[in-house]
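Peer 1:
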Amino acid sequence: MRRRNGSASVREQDDDGRRPPAGSPRLDAADLGAELGARATLVQFSSAFCAPCRATRRVLGEVAGMVPGVAHVEIDAEGHLELVRALDVLKTPTVLVLDADGRVVRRAVGQPRTADVIAALGEAV
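In this text, residue positions in the sequence shown follow numbering that gives the first Met the number 0: the first is 0, and each later residue adds one.
This is how it looks when you write it as structure tokens:
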């Protein structure tokens, strides 16, 4: 569900109604080009001309700075098409919440609110 301001919350289903499948993929530092957080990782798929991506970067960066052991990794969707296709990323920004083992536990499309990201981290840690 999209809010009037165009943002979307991080939740079990993304805007297309898809849940991360049982046995969700596991991502590692090689996949992401950065180390995973000790407790959780917020992965953001962005594109160059995506205005909500900039706001999402700010929100996820703030949350990663507030919560110990949480990392924020931003991935240029255009530069990582193989990963985009493998994870079925259709729009930017798409946010994946990974647990400490790199398993996708939540995903969302759109600009999340800080409170929604913090709540989603509760499932990952």
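Ideal Cβ placement from N, Cα and C applies to all residues, glycine included.
DSSP puts I74 in a beta bridge; with which residues?
Peer 2: For I74, which the question treats as bridged, DSSP gives the partners F44.
Peer 1: Only counting the same chain, and skipping five residues up and downstream in sequence, which positions put a Cβ closer than 6 Å to that of D27?
Peer 2: Hits under 6 Å: G101.
Peer 1: So that I know if they touch, is there some Cβ in chain D lying closer than 8 Å to that of T55?
Peer 2: Given the protein chain composition of this structure (a single chain), no chain D is represented.
Peer 1: Quick one: using the 10 Å Cβ neighbour count with 16 as the cut-off for buried, is R25 buried or exposed?
Peer 2: Exposed, by the Cβ-count rule.
Peer 1: Select from P67, S23, T113 and S45 the residue whose C-alpha is nearest the C-alpha of G78.
Peer 2: Per the Cα distances, S45.
Peer 1: Just the C-alpha distance for E61 and A85, rounded to the nearest angstrom, thanks.
Peer 2: C-alpha separation (whole angstroms): 28 Å.
Peer 1: CB-CB under 8 Å to A47, same chain, minus the five flanking residues each way: which ones, in chain order?
Peer 2: Excluding positions up to five away in sequence, the list reads D75 and E77.
Peer 1: Exposed or buried, E73, counting other C-beta atoms within 10 Å across all chains shown (16 or more means buried)?
Peer 2: Result: buried.
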